[in-house]
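A.B. asks:
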Amino acid sequence: MKIVVIGGGWAGCAAAVAAAKQGVEVTLLERTDSLLGTGLVGGIFRNNGRFTATEEMIAMGGGEMFHAMDACTTHTNVDFPGHQHASLYNIATIEPEVQRALAAAGVDVRYMVRIADVDMEGTRIRAVKTHENKGSVRFEADAFVETTGTSGVVSVCNKYGIVCSMCVLRCHTFGTRVSVAARAGVSEISGHKGEQVGAMSGSCKLLKESLAPHLREELNAKGVVIVPIPGAGSASDDKVSKKACQQYAQPEYTQSIVLLDTGHAKLMTPYFPQAELRKVPGFENARFEDPYSGGVSNSIRFLGMAPRDDALKVDGIDNLFCGGEKAGLLVGHTEAVVTGELAGYNAARQVLGEAQLVLPDTLAIGDAIRHVREQMQTEKGLGLKFTFSGSVYLERMKERGLFTLDVAEIRRRVDAAGLTGAFAARPTSNLREVARAA
Ligand SMILES: Cc1cc2nc3c(=O)[nH]c(=O)nc-3n(C[C@H](O)[C@H](O)[C@H](O)COP(=O)(O)OP(=O)(O)OC[C@H]3O[C@@H](n4cnc5c(N)ncnc54)[C@H](O)[C@@H]3O)c2cc1C
């Protein structure tokens, strides 16, 4: 019984661990030389409703990725405009920590394997494979999980963004994202709002060393620094309105520079012209660390999402599951982890001959998975982004009484749903029973 996960971002890592814990053999294929994809340049978690979703997943026994984030925090309980009690992980230390979690779960990780095609047998995928001129490697499995994200490829960032910003996905080195579902014949979905196809990634990183010492010290001490931009007006509004993270489309982010300490200084705007930035007191020497051309542009995401059901199985393909951004307009590491976890778990259940798990809407995670699927069937919904951390979905969490910071209450809800420890490692003896029954 074998599962292949394609794409080693937060969703793929969670999916691989979730499936391996059910006792199946798991191989994770990643096109670059590192795990975590866009998670390599993120860092914010446990903010607003992400706290609730995180604790739900931990109560269900699927906490490995969150424990890795917690182990690498630079700061906890950070408040910044629109966000409360955020934790920030260190982008310099998180990737090896996740590698260790995958090794502990027994996942076979292959780097620099860029899947470019599929072998089909009717409506089942038999194998995924690389290009013939790239070594022609082929991976057969009983079920597949696609977690390749939704980042634009160079031509898409040029067309729907401003220009390729040389982001952490490093398409020029490792080749562009390829969608497995599309190769299998699935008609995919792209987010769009009016003329804008996809959405622009919402933050950059500055080298901390390039900031004035007083800003650096404040950032190291508090985790957050807010610096008013002298003479800021509506000129900055356009870039904020393009953002993938619509929870940041508020005046504080256009009239001030908001920095967060994620190892580097995370600058909460998609891009900022370097010459303008250097006019702000304290930023005279500012230098972008990510994307390299953060003075000009950022990456475009939310293209190529897969139609799927609430068990996260891709429509029309019998043995393909999806998680993370691939599974819909859900922005964030937490969102990628919880959907990846469910996708990997359900892929394992499928190969073990068991019924798929759909999480109930009494839990924020179950409600979000269903709500986003429904919203993506509407024109209005395709123009929105959803996250536990703000905007329309946090409002919905509050309206439905799903948002809480009370861990005991979260555990009670999970227990009431009969899901305490549901994603925990399966005892081998039980696994053999299931395999025999299947
Ligand atoms: C600049 C930036 C900052 C962000 N900051 C935050 C933050 O602070 N907090 C937060 O919660 N969210 C943040 N986000 C959003 C968050 O990173 C994503 O929503 C989430 O991590 C997506 O995870 P994913 O696994 O679905 O996809 P990705 O992170 O896109 O990972 C997909 C992976 O699949 C691989 N891949 C693609 N195609 C193939 C193929 N054919 N074969 C093999 N491998 C393939 C890619 O190389 C990549 O590693 C940020 C995003 C960006 C871009």
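For our numbering, add 84 to where a residue sits in the sequence shown, where the first one is 1.
No residue lacks a Cβ here, since even glycine has one placed at the ideal position from N, Cα and C.
(1) State the start and end residues of the unbroken beta strand (DSSP E) segment that holds leucine 404.
(2) With a threshold of 6 Å on Cβ separation, who are the neighbours of arginine 261 within its own chain once the five nearest residues in sequence on each side are excluded?
(3) Could you check whether leucine 387 and valine 240 sit closer than 8 Å to each other, using their CB atoms as the reference points?
(4) State the beta-bridge partners of methionine 141 as determined by DSSP.
(5) Thinking C-alpha only, which one of Gly259, Tyr244, Gly91, Val264 is nearest glycine 282?
(6) Starting from the C-beta of proline 312, find all residues in its chain whose C-beta is less than 7 Å away, skip the five residues before and the five after it, and write them out in chain order.
(7) Which whole runs of the alpha helix (DSSP H) in the region 348-410 are 4 residues long or more, in chain order?
(8) Ligand 1 and alanine 103: does any heavy atom of the ligand fall closer than 7 Å to the residue's C-beta?
(9) Could you name the residues of the same chain whose beta carbon sits closer than 6 Å to that of alanine 176, not counting the 5 residues immediately before and after it, in chain order?
(10) Name the residue from Gly123, Thr488, Met250, Leu299 whose alpha carbon lies nearest to the alpha carbon of asparagine 369.
(11) Ignoring anything shorter than 4 residues or poking outside the region 170-212, list the alpha helix (DSSP H) runs there in chain order.
(12) For glutamate 293 versus isoleucine 90, is the C-beta distance shorter than 8 Å?
(13) Going straight from the alpha carbon of leucine 113 to that of glycine 146, what length do you get?
(14) For alanine 200 and threonine 214, which I take to be in contact (beta-carbon distance under 8 Å), what is that distance rounded to the nearest angstrom?
(15) Rounded to whole angstroms, what's the CA-CA distance from valine 197 to glycine 121? Just pull it up for me.
(16) Out of Leu466, Asp345, Trp94, Ser475, which one is the CA nearest neighbour of serine 171?
(17) I'd like the span of the beta strand (DSSP E) that includes glutamate 114, first residue to last.
(18) By alpha-carbon positions, which one of Arg222, Glu279, Ala305, Val380 ends up nearest to valine 88?
(19) Below 8 Å between beta carbons: does that hold for glycine 96 and glycine 424?
(20) With distance defined between alpha-carbon atoms, name the residue in Thr257, Lys464, Gly315, Val162 nearest to asparagine 131.
(21) I need the boundaries of the alpha helix (DSSP H) containing phenylalanine 538, first residue and last residue.
(22) For glycine 278, which of Glu463, Leu303, Val247, Pro375 has the nearest alpha-carbon?
(23) Just the C-alpha distance for alanine 268 and arginine 385, rounded to the nearest angstrom, thanks.
(24) What is the rounded straight-line gap between the Cα of alanine 359 and the Cα of valine 125?
C.D. replies: The answer reads as follows:
(1) Leucine 404: member of the beta strand (DSSP E) spanning 404-406, first to last residue.
(2) Result list for arginine 261: Thr232, Ser235, Val237, in chain order.
(3) Yes, these two residues count as a Cβ contact at 8 Å.
(4) Beta-bridge pairing links methionine 141 to no other residue.
(5) Measuring from the Cα of glycine 282, the nearest candidate turns out to be Tyr244.
(6) The answer, listed in chain order, is Gln339, Ser340.
(7) Counting whole runs of 4 or more residues, the region 348-410 contains the alpha helix (DSSP H) stretches 358-361.
(8) Taken from the Cβ of alanine 103, every heavy atom of ligand 1 lies 7 Å or farther away.
(9) Counting only Cβ-Cβ distances below 6 Å, and skipping sequence neighbours, we find Gly347.
(10) The alpha carbon of asparagine 369 has as its nearest neighbour, out of Gly123, Thr488, Met250, Leu299, the alpha carbon of Leu299.
(11) Within the region 170-212, the complete alpha helix (DSSP H) runs of at least 4 residues fall at 178-188.
(12) At the C-beta level, glutamate 293 and isoleucine 90 stay beyond 8 Å of one another.
(13) Cα to Cα, leucine 113 sits roughly 21 Å from glycine 146.
(14) Beta-carbon to beta-carbon, alanine 200 and threonine 214 are separated by about 6 Å, close enough to satisfy the 8 Å threshold.
(15) Going from the Cα of valine 197 to the Cα of glycine 121 covers about 14 Å.
(16) With distances taken between CA atoms, serine 171 lies nearest to Asp345 out of Leu466, Asp345, Trp94, Ser475.
(17) Segment: none, glutamate 114 is in no beta strand (DSSP E) and carries neither H nor E.
(18) Nearest neighbour of valine 88 by Cα position, chosen from Arg222, Glu279, Ala305, Val380, turns out to be Arg222.
(19) In contact: glycine 96 and glycine 424 (Cβ atoms closer than 8 Å).
(20) Here the closest residue by C-alpha is Val162.
(21) Residue 538 lies beyond the residue range present for the chain, which begins at 85 and ends at 522; the question has no answer from this structure.
(22) Of the residues Glu463, Leu303, Val247, Pro375, the one whose Cα lies closest to the Cα of glycine 278 is Glu463.
(23) If I take the Cα positions, the gap works out to 21 Å.
(24) Each residue's alpha carbon lies about 23 Å from the other.
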